[in-house]
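To convert, take the position in the sequence shown, counting from 1, and add 639; that gives this note's numbering. Before any comments, here is the structure.
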Amino acid sequence: MKYPFLELGSANEPYNDALTQAAARVIASGRYIGGAEVETLERNLCSLTGCSHAVAVSNGLDALRLVLTAWRELGMLREGDEVIIPSNSFIASALAADQAGLKLKFAEPDPQTHNIDWDRIQPSGRTRVIMPVDLYGRMCSVPERFRRDFLILEDACQAIGATGAGAIGHAAAFSFYPTKNVGALGDAGAVTTSDPALAEAVRALRNYGSLRQYENIYRGLNCRMDPIQAAFINVKLPHVDEENALRRSKASVYDREIVNPAVIKPEMPSEPGQHVWHQYVLRIPGGRRDEFRRFMADNGVETAVHYPTPIHLQPCYKSLLSPGLSLPIAETLCSEVVSLPIGRSTSLADAAEISQIINRFN
Ligand SMILES: *Cc1c(COP(=O)(O)O)cnc(C)c1O
640 MKYPFLELGS
650 ANEPYNDALT
660 QAAARVIASG
670 RYIGGAEVET
680 LERNLCSLTG
690 CSHAVAVSNG
700 LDALRLVLTA
710 WRELGMLREG
720 DEVIIPSNSF
730 IASALAADQA
740 GLKLKFAEPD
750 PQTHNIDWDR
760 IQPSGRTRVI
770 MPVDLYGRMC
780 SVPERFRRDF
790 LILEDACQAI
800 GATGAGAIGH
810 AAAFSFYPTK
820 NVGALGDAGA
830 VTTSDPALAE
840 AVRALRNYGS
850 LRQYENIYRG
860 LNCRMDPIQA
870 AFINVKLPHV
880 DEENALRRSK
890 ASVYDREIVN
900 PAVIKPEMPS
910 EPGQHVWHQY
920 VLRIPGGRRD
930 EFRRFMADNG
940 VETAVHYPTP
950 IHLQPCYKSL
960 LSPGLSLPIA
970 ETLCSEVVSL
980 PIGRSTSLAD
990 AAEISQIINR
1000 FN
């Protein structure tokens, strides 16, 4: 492929020396669990998000799961309470609620933003949590009445560095999976919140339910972040605005250069900071997505689909849901979306050339 979707090695190249030094520092420190690198990262995440607490954890799925489990331990949720999740998200959003003993209720997205459509949400008497996902890096906004009536857990895994990311609800989850806008060199994640009781419970739960050695307040988990990953993230996090600006400039090229009635471009946000373009996602209506992807591949452009199957139709959830549950907007979006290359391995010139290739699709 002349235009690969994403090459992580070249994405990390600008940081190679600093990453190597960070690894050497951790190796020499003799501290391989917790310690200064993890604490520094937590402070950096507080400054980035404006939250008063950040807890570094093992990955994004665990970040979501730990918040929901902590709310249960704190008596704010009970087994069987309902969590509303947009069905066109990544599977982790649903697995977290499920694994915390909560009941899933799937919601429709707004086809303009791909984010949860607050006007179509139908809470029941058991609904306690709503989980907006900043999908593709586009910020959700949370209407005040929902923030008042429900616990809001923001899945900010794709939106690090966006305006308000990590702070629009009562807690948020981040992921540093290698392909994310700030990627570790392995798995890592974080919880942010301004609720001190929640932060303390998450801190305990990630470490066997313990804040003091051999005193176990909760039946906890082992969901800690390795200091070597924290050290890598501490190298890259100060550059989050540069990384996001690079993505934004490629999104602008696509927005300006793609002119083809066969494709629907993503809506540009009114404020640039509302979108960090984790993905640049076109819609190809008329059942022509596969044809479009073949055309792009034939012209050397690798594309991806985020995500081909809405969560409510995944084999693992189908049997749990009422038969015939249909979410036509989520299902249509999942059949139309296609992501273009936008990461570090794609240059501005590449984005312009890819746009010209798209303009020849008919
Ligand atoms: C990446 C991602 C996650 C999970 O993160 P991991 O670190 O891979 O566990 C959860 N939700 C969304 C929306 C994501 O993009």
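Each residue gets a CB set at the ideal place from its N, CA and C atoms; glycine is no exception. In this text, all values refer to a predicted model and were calculated from it rather than measured experimentally.
- Here Tyr893 is buried, its C-beta having at least 16 other C-beta atoms within 10 Å.
- Asp880 sits exposed, since fewer than 16 C-beta atoms from the chains shown fall within 10 Å of its C-beta.
- The C-beta distance from Phe815 to Ala827 rounds to 4 Å, short enough to meet the 8 Å contact threshold.
- When DSSP assignments are scanned along the region 858-930, the uninterrupted stretches of beta strand (DSSP E) that are 3 or more residues long and fall wholly within it turn out to be 919-922.
- Selection around ligand 1 by beta-carbon proximity, strictly under 6 Å to any non-hydrogen atom, yields Asn698, Gly699, Leu700, Ser728, Phe729, Ala731, Ser732, Val772, Asp794, Cys796, Gln797, Ser814, Tyr816, Asp826 and Gly828 in chain order.
- Taking Tyr671 as the centre and dropping the five residues before and after it, the same chain places the C-beta of Pro866 closer than 7 Å to its C-beta, in chain order.
- DSSP, reduced to helix, strand and coil, places Val944 outside both helices and strands of the structure shown, so it counts as coil.
- Using a Cβ-Cβ distance cut-off of 8 Å, the region 831-848 and the region 648-658 are not in contact, since fewer than three pairs of beta carbons, one from each stretch, lie closer than that value.
- DSSP places Asp794 in the uninterrupted beta strand (DSSP E) bounded by Leu790 to Asp794.
- Counting along the chain, the unbroken beta strand (DSSP E) around Thr832 starts and ends at Gly828 to Thr832.
- Contact annotation: Leu885 and Lys904 have beta-carbon atoms that are not nearer than 8 Å.
- Unbroken beta strand (DSSP E) runs of no fewer than 3 residues, entirely contained in the region 716-790, are found at 721-725, 742-746 and 766-769, following chain order.
- CA-CA distance, Ala662 to Ala870, rounds to 7 Å.
- Secondary structure of Tyr654 (DSSP, three-state): helix.
- Below 8 Å, enough C-beta pairs join the region 720-733 and the region 949-958 to call them touching: three or more.
- Comparing alpha carbon positions, the residue from Ala736, Glu930, Val772 and Leu966 closest to Thr766 is Ala736.
- By the Cβ test, the region 711-728 is not in contact with the region 689-697, since fewer than three Cβ pairs between them sit closer than 8 Å.
- Here Arg863 is buried. Its C-beta has 16 or more other C-beta atoms within 10 Å.
- Closest option to Lys742, judged by alpha-carbon separation, among Arg933, Leu716, Asp794 and Asn683: Leu716.
- Scanning the region 677-711 from its first residue to its last, no whole alpha helix (DSSP H) run of 4-plus residues comes out.
- In this structure, Val772 keeps its C-beta atom at 8 Å or more from the C-beta atom of Leu790.
- Comparing alpha-carbon positions, the option among Arg704, Gly805 and Gly719 lying closest to Leu734 turns out to be Arg704.
- Within the DSSP secondary-structure output, Tyr956 pairs in no beta bridge.
- At the C-beta level, Val915 and Gly800 come within 8 Å of one another.
- Contact check for Gly699 against Ala838 fails: the beta carbons are separated by 8 Å or more.
- Annotation for Ser965: no beta strand (DSSP E) segment contains it, and DSSP assigns it neither H nor E.
- Rounded to the nearest angstrom, the gap between the Cα atoms of Ile755 and Pro962 is 22 Å.
- Within the model, the alpha-carbon separation for Thr985 versus Val665 is close to 32 Å.
- Excluding sequence positions up to five before and after Gly674, its CB lies within less than 8 Å of the CB of Ser668 and Pro866, all in the same chain and listed in chain order.
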